[in-house]
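Protein chains in written order, with the working numbering: chain A, 1 to 237; chain B, 1001 to 1241.
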Amino acid sequence: MIKIENLVKAFGAKRAVDGISFAVERGEVVGFLGPNGSGKSTTMRMITGYYAPTAGKVSVGGYDVVDSPLQAKRLIGYLPENAAAYTDMSVHGFLEFAAGLRGLAGDAKRKAVARAVERCFLSSVLHQSIDTLSKGYKHRTCLAQALIHDPEVLILDEPTDGLDPNQKHEIRNLIRELGRTKAVVFSTHILEEVDAACTRAIIIDRGRIVAQGTPDELGRPLDEVFRRITIPDTVNK
Amino acid sequence: MRNIWVIAKRELGSYFSSPVAYVFLVIFLLLTGFFTFTAGQFFERGEASLAAFFGWHPWLYLVLVPAVGMRLWAEERRAGTIELLLTMPITPWEAIVGKFLASWIFLGLALALTFPVVITVNVLGSPDNGMIFAGYLGSLFLAGAYLALTCMTSAMTRNQVVAFILAVVACLFLILAGFSPVTDLMVRWASPAFVDTVAAFSVVTHFDGFQKGVIDTRDLFYFLSVIGFALFATSIILRNR
Ligand SMILES: Nc1ncnc2c1ncn2[C@@H]1O[C@H](COP(=O)(O)OP(=O)(O)OP(=O)(O)O)[C@@H](O)[C@H]1O
Ligand SMILES: [Mg+2]
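Set out below in structure tokens:
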């Protein structure tokens, strides 16, 4: 579903993403790991068409994100890193707005909103204004927006950031369940989530893939593996 | 089309979800009232026309329109919602036009609420209502031109105050290019042909016709070009964000 070839993003002289290639098929949940500033969010922004790649190709469901952005974007549900939402709207209004932009109307829209609300446990705050929500609820509202059209591809940038332990658990289960029928890429700093939800993990460091494989292939304990691959280089420099 | 409406509806909703919109409407009406009746000497003129009303609009809009439009893109950038909006399956044009239309409708509403002056002038005398209609139409296009420029400056920054100031400066240029004290100064050192060319870019020159009751396609074309150009520039700025 997602195919990335030699993707590069340069900000001035700095290459935030430096020649990344990978593919994600339906039925896979790929955990995207890496230290702060390694280029995870930048890669996801290129997949979703927010940043134009400096070089390389991204295609989603066979559609090139640069050449046919609308077709590609229709297939994607995206939770941005900051989980931004229109703070002057209510949760319900915001989800209806997202559904509207996804081309849903009438009964289909009502059902889509109801399903997203149920999946992200938002019914208690449905008519509350988003700027009065706690951080975790804000995050879940933005996640609900990403799920609203039941997309085939999910790009989730730190979906469990700011959630309480119960919610982390619920969202991990949700991701695993969604991953059976969809292609999911999510980034995280919590290594146990890789075990809990991923079929595969990709570790990147300074814009390059340094390791990938199933959690078993990467070795255990995962956090030691992670430190071994990502820190020594930085220290030696 | 549908997407444009979805975006415009949200934008309009966000105007009215805070008291700022109502405060703005009140200020707008107070200022038009002040300029028309006090500064414009509406009654002392003793004529049944709205010249005192429309004459001030290029100056009045200089602050009011940027105040309405400054948040359009700057706020999206500050809050990060622009990332959400531009990764939706819509074209950037739909987003730009949707937001522009919402603010234009809001300004149109503010303008429509000045209807008591039309009633007043009709009660006091027998004005040329066709002329008044042309004045309103011109005023709406004038607001549209300023608003499109404000969209453009708003897309440049995440700071609404910066967007406001840049917009005021841009609109001021469009006024001064054809403002008679300025053009009178310019003829001293530039050829009249040059001064006329510069003045042709001014909103004042093109708004004049409407105030006299003439709906000239060239004036309409001018305002539509300014709007089209500024929105096009907005799309370029957003693409290179
Ligand atoms: N718009 C931008 N302009 C300039 N540099 C940028 C921009 N966006 C990202 N960068 C740089 O690119 C690099 C990668 O950033 P990115 O946000 O992708 O990291 P990340 O892996 O998501 O980190 P984190 O774990 O902290 O979220 C960083 O060095 C960052 O400073
Ligand atoms: Mg990130």
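The C-beta atom is built at its ideal place from N, Cα and C for all residues, glycine as well.
Can you find a C-beta in chain B that's less than 8 Å from the C-beta of residue i?
i              : result
A183 (chain A) : no
P80 (chain A)  : yes
Y137 (chain A) : no
D131 (chain A) : no
V235 (chain A) : Confidence is the limiting factor: at V235 (chain A) the pLDDT is only 46, short of 50, which leaves the residue's position unreliable, though a coordinate-based value still follows. Not an interface residue.
L143 (chain A) : no
F11 (chain A)  : no
R102 (chain A) : yes
T239 (chain A) : Here chain A comprises residues numbered 1 to 237, so residue 239 (chain A) is not present and cannot be evaluated.
D107 (chain A) : no
T214 (chain A) : no
Y86 (chain A)  : yes
L7 (chain A)   : no
F186 (chain A) : no
Do residue j and residue i have their beta-carbon atoms positioned less than 8 Å apart in this structure?
i               : j               : result
A1134 (chain B) : G1080 (chain B) : no
I242 (chain A)  : R102 (chain A)  : In the structure as shown, chain A begins at 1 and stops at 237. Residue 242 (chain A) is therefore absent and cannot be evaluated.
T181 (chain A)  : R26 (chain A)   : yes
E28 (chain A)   : R200 (chain A)  : yes
V1168 (chain B) : V1023 (chain B) : no
S1103 (chain B) : L1149 (chain B) : no
C120 (chain A)  : A84 (chain A)   : no
P35 (chain A)   : D161 (chain A)  : no
L146 (chain A)  : L79 (chain A)   : Reading the sequence as shown, one finds Ala at residue 146 (chain A) and not Leu. A contact, by the Cβ cut-off of 8 Å.
K9 (chain A)    : Y51 (chain A)   : yes
A1199 (chain B) : T1183 (chain B) : yes
I47 (chain A)   : V60 (chain A)   : yes
I130 (chain A)  : Y86 (chain A)   : yes
H239 (chain A)  : L126 (chain A)  : There is simply no residue 239 (chain A) to check, as chain A begins at 1 and stops at 237 in what is shown.
S1154 (chain B) : H1057 (chain B) : no
F11 (chain A)   : S187 (chain A)  : no
I155 (chain A)  : I203 (chain A)  : no
What number of angstroms, rounded off, separates the C-alpha of residue i from the C-alpha of residue j?
i               : j               : result
K1009 (chain B) : V65 (chain A)   : 28 Å
T42 (chain A)   : A1145 (chain B) : 36 Å
I1096 (chain B) : A55 (chain A)   : 27 Å
F1210 (chain B) : M1131 (chain B) : 8 Å
A1052 (chain B) : T1205 (chain B) : 17 Å
Y137 (chain A)  : F1037 (chain B) : 52 Å
F1232 (chain B) : V1226 (chain B) : 10 Å
V235 (chain A)  : I229 (chain A)  : Summary for V235 (chain A): the model assigns pLDDT 46, below 50, so the residue's position carries little reliability; its value from the coordinates is reported in the next sentence. When rounded, the distance between both Cα atoms is 11 Å.
F1179 (chain B) : S1202 (chain B) : 8 Å
T1091 (chain B) : S134 (chain A)  : 32 Å
N1240 (chain B) : E152 (chain A)  : 29 Å
Q167 (chain A)  : A1143 (chain B) : 49 Å
L1137 (chain B) : L1050 (chain B) : 13 Å
I209 (chain A)  : I190 (chain A)  : 18 Å
E5 (chain A)    : R45 (chain A)   : 15 Å
F1043 (chain B) : R1218 (chain B) : 33 Å
S1017 (chain B) : N82 (chain A)   : 23 Å
A23 (chain A)   : G106 (chain A)  : 36 Å
L1012 (chain B) : F1106 (chain B) : 7 Å
I1236 (chain B) : A1048 (chain B) : 46 Å
Y1061 (chain B) : E192 (chain A)  : 58 Å
K237 (chain A)  : G207 (chain A)  : Confidence at K237 (chain A) is low in this model, with a pLDDT of 44, below 50, so the placement of that residue should be treated as unreliable; the coordinate-derived value is given next. Taking the straight line joining both Cα atoms gives about 16 Å.
R1045 (chain B) : V1118 (chain B) : 16 Å
Quick one: does residue i have its CB under 8 Å from some CB of chain A?
i               : result
S1103 (chain B) : no
M1088 (chain B) : yes
S1242 (chain B) : It is not possible to answer for residue 1242 (chain B), since the shown part of chain B is limited to 1001 through 1241.
V1020 (chain B) : no
L1025 (chain B) : no
S1191 (chain B) : no
A1051 (chain B) : no
S1014 (chain B) : yes
V1204 (chain B) : no
A1079 (chain B) : yes
L1084 (chain B) : yes
N1159 (chain B) : no
R1071 (chain B) : no
V1006 (chain B) : yes
Anything in chain E within Cβ reach of residue i, meaning under 9 Å, just list it in chain order.
i             : result
R74 (chain A) : Looking for chain E here will not work: the only protein chains present are A and B.
**Study point:** Segments assigned alpha helix (DSSP H), at least 4 residues, entirely inside the region 1117-1192 of chain B
**Key:** 1129-1156, 1160-1176, 1180-1186
### Message
Residues around ligand 2, please: the condition is that the C-beta lies closer than 7 Å to some non-hydrogen atom of it.
### Response
A:K40, A:S41, A:E81, A:D157, A:E158, A:S187
Note down, one range per segment and in chain order, each alpha helix (DSSP H) of at least 4 residues found wholly within the region 89-172 of chain A. 91-101, 106-119, 135-147
Sequence ranges, alpha helix (DSSP H) only - wholly within the region 21-81 of chain A, length at least 4:
40-47, 69-75
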